[in-house]
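Report on the structure given below.
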């Protein structure tokens, strides 16, 4: 289950009010419905907040842009229709799973 940034901000509000993760989880679920925020998600975010990480934005991720890989995979397949997934992955220096799902 993904937790929306809105819900993370709400958890942060409860954190700033001095409530614990369990109280925040109960409060959010009482307003938005059961299992909107799981106890594990609340505890995870409260741990981050306690460590000083109050930024809920997505962290930058390393790696090549996926569009670049897709274009290269298509180019390789169009030049050799019998090429294997393993050889494409090896040539592009990526895992086989992204090649399979493209």
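Residue numbers (the numbering used here): 22 to 123. Glycine included, C-beta positions come from ideal geometry on N, C-alpha and C.
Rounded separation between residue i and residue j - CA only
{"i": "residue 97", "j": "residue 118", "result": "16 Å"}
{"i": "residue 57", "j": "residue 72", "result": "24 Å"}
{"i": "residue 101", "j": "residue 89", "result": "19 Å"}
{"i": "residue 22", "j": "residue 39", "result": "For residue 22, the pLDDT reaches just 47, beneath the cut-off of 50, and the residue's location in the model is therefore unreliable, leaving the point undetermined."}
{"i": "residue 62", "j": "residue 111", "result": "37 Å"}
{"i": "residue 55", "j": "residue 104", "result": "49 Å"}
Rounded Cβ spacing between residue i and residue j (contact assumed at less than 8 Å)
{"i": "residue 50", "j": "residue 35", "result": "At roughly 12 Å, the Cβ-Cβ gap does not stay under 8 Å, so residue 50 and residue 35 are not in contact."}
{"i": "residue 113", "j": "residue 93", "result": "6 Å"}
Close Cβ partners of residue i (< 8 Å) along its chain, the five nearest in sequence each way excluded
{"i": "residue 106", "result": "117, 120, 121"}
{"i": "residue 60", "result": "42, 43, 46"}
{"i": "residue 53", "result": "28"}
Check: residue i C-beta below 8 Å from any heavy atom of the ligand COA
{"i": "residue 107", "result": "The ligand COA is absent from the structure shown, which contains no ligands of any kind."}
For residue i, the nearest candidate out of the options (CA to CA)
{"i": "residue 115", "options": "91, 38, 102, 100", "result": "91"}
{"i": "residue 37", "options": "62, 24, 74, 55", "result": "74"}
7 Å CB neighbourhood of residue i in its chain, flanking five on each side removed
{"i": "residue 64", "result": "42"}
{"i": "residue 66", "result": "29, 32"}
{"i": "residue 109", "result": "94, 97, 120"}
{"i": "residue 24", "result": "58, 62"}
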